[in-house]
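Engineer:
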Amino acid sequence: MGKEICRKFCKQLKLEVACFIPFLLRFWLLFVINVQSFGEEIKEISFCYDGSKEGYRLKSEVIKYIQAKSGLECIYFCMIKDESCRSINFRKSPISDENCELLKTVDYEEPAQSLKKDENYDYYILLQPKRKTPDPIPSNAPAEITQQLPR
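Quick note: the sequence shown uses our numbering, first residue 511, plus one each step.
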């Protein structure tokens, strides 16, 4: 009789432990997710880009050099890191840490020979959000006064 009670108790204990483990795993998983996202603001980001120019690089003024894991990450950084960024060159095989070039201009605003074939790079254009075209410096602008007149 004592053995039978012990067996029932062990079966009941095994059942409770078996039910408790999935609960414990779920709790642990939620805890890990919350710890990893602690302090990070989660927000929806929507953007559109043209990445059809694989194997090309735009020779243009670089705003900033940064590190990116992919062309998509590079164009994402273009959108969030600098409001004047409108396109990027992404170096596929990084020689240095800075394999993402943020650019102010797009290929159709530059001379035709500025977009060069280069198998090490992919060229992307940020389509949305639409960015303002950089203001050109007017050639008829008055010269800056650098000398003060005597009083």
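We put the CB at the ideal spot given by N, CA and C, even for glycine.
Look at the Cβ atom of residue 607, then the Cβ atom of residue 568, and state whether they are nearer than 8 Å.
Structural biologist: Cβ atoms of residue 607 and residue 568: not closer than 8 Å.
Engineer: Since residue 583 is in the alpha helix (DSSP H), which residue starts that stretch and which ends it?
Structural biologist: Per DSSP, residue 583 belongs to the alpha helix (DSSP H) from 581-591.
Engineer: Closest to residue 615 by CA distance: which of 564, 597, 627 is it?
Structural biologist: Closest option to residue 615, Cα to Cα, is 597.
Engineer: Report the three-state DSSP secondary structure of residue 606 (helix, strand or coil).
Structural biologist: Coil, per DSSP.
Engineer: Note down, in chain order, each residue of its chain lying with its Cβ closer than 7 Å to the Cβ of residue 638, except the 5 sequence neighbours on either side.
Structural biologist: Within the same chain, residue 638 has close Cβ partners 557, 558.
Engineer: Based on DSSP bridge pairs, tell me the residues matched to residue 558.
Structural biologist: Note: residue 558 sits in a beta bridge opposite 638.
Engineer: Have a look at the DSSP bridge pairing and note the partners of residue 632.
Structural biologist: BP columns for residue 632 point to 564, 600.
Engineer: Please classify residue 611: does DSSP put it in a helix, a strand, or coil?
Structural biologist: Of the three classes helix, strand and coil, the one that applies to residue 611 here is strand, per DSSP.
Engineer: I need the boundaries of the beta strand (DSSP E) containing residue 572, first residue and last residue.
Structural biologist: Where residue 572 is concerned, the enclosing beta strand (DSSP E) stretches over 572-576.
Engineer: In whole angstroms, give me the CA-to-CA distance for residue 636 and residue 601.
Structural biologist: Distance between the alpha carbons of residue 636 and residue 601 is about 17 Å.
Engineer: Below 8 Å between beta carbons: does that hold for residue 572 and residue 619?
Structural biologist: It is not a contact, given that the beta carbons lie outside the stated cut-off.
Engineer: Restricting to Cα atoms, I'd like to know which of 642, 640, 621, 632 is closest to residue 604.
Structural biologist: Among 642, 640, 621, 632, the Cα nearest to that of residue 604 belongs to 632.
Engineer: By DSSP's criteria, residue 626 is part of a beta bridge. Which residues make up the other side?
Structural biologist: Residue 626 pairs with 567.
Engineer: Quick check: the Cα distance between residue 586 and residue 570, rounded to an integer number of angstroms?
Structural biologist: Roughly 19 Å between the two C-alpha positions.
Engineer: My understanding is that residue 565 touches residue 628, with C-beta atoms under 8 Å, so please give their C-beta distance in whole angstroms.
Structural biologist: Contact holds; Cβ gap of about 7 Å.
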